[in-house]
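Right, one structure below, let's go through it.
Structure representation (structure tokens):
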């Protein structure tokens, strides 16, 4: 339901994955929904497949979303629309890169190039896995 930021970011991540070549198999993109009321598993599966069949979508139950957002310093707010029942979700638009050990290591702001993201992923994939 996000008209601009999410599709732009997902397209950019799909491009970054293509730039990785053979290393792309080691990258897992996870999209976290901020709108679990509308983003059903079926809708999200189709949305991810439109960008790359390997992309996965996750969502937390609405009651757990505030804690998840705080943990990653993600801003989001429901904004009521002009017609009854319509709304949008204002949200931050960053991308987090985790290393092979599962630690957050890099944050890319909205607008970061696919080339910059791919370069950082390559650096992280070159590191050994730590416990």
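In the numbering used here, the protein residues as written are 242 to 372. We put the CB at the ideal spot given by N, CA and C, even for glycine. In this text, all values refer to a predicted model and were calculated from it rather than measured experimentally.
6 Å CB neighbourhood of residue i in its chain, flanking five on each side removed
i	result
residue 350	335
residue 251	292
Minimum Cβ-Cβ distance from residue i to chain C less than 9 Å
i	result
residue 250	You won't find chain C in this structure, because it holds only one protein chain.
Spatial distance of residue i from residue j (CA atoms)
i	j	result
residue 297	residue 287	10 Å
residue 345	residue 312	11 Å
residue 268	residue 371	17 Å
residue 303	residue 279	11 Å
residue 329	residue 318	8 Å
residue 276	residue 340	27 Å
residue 243	residue 369	36 Å
residue 294	residue 356	20 Å
residue 260	residue 314	28 Å
residue 270	residue 283	18 Å
residue 253	residue 310	22 Å
residue 258	residue 249	14 Å
residue 305	residue 353	29 Å
residue 289	residue 262	20 Å
Same chain only: Cβ atoms within 8 Å of residue i, ignoring 5 sequence neighbours per side
i	result
residue 338	345, 346, 347, 348, 349, 358, 361, 362 and 365
residue 327	321
residue 264	362, 363 and 366
residue 343	none
Integer Cβ distance of residue i from residue j, believed to fall under 8 Å
i	j	result
residue 274	residue 316	That pair is no contact at about 15 Å.
Closest residue to residue i among the options (Cα-Cα distance)
i	options	result
residue 245	354, 342, 332 and 307	332
residue 272	285, 307, 323 and 262	285
Beta-carbon proximity list for residue i, same chain, < 7 Å, skipping 5 on both sides
i	result
residue 255	292 and 293
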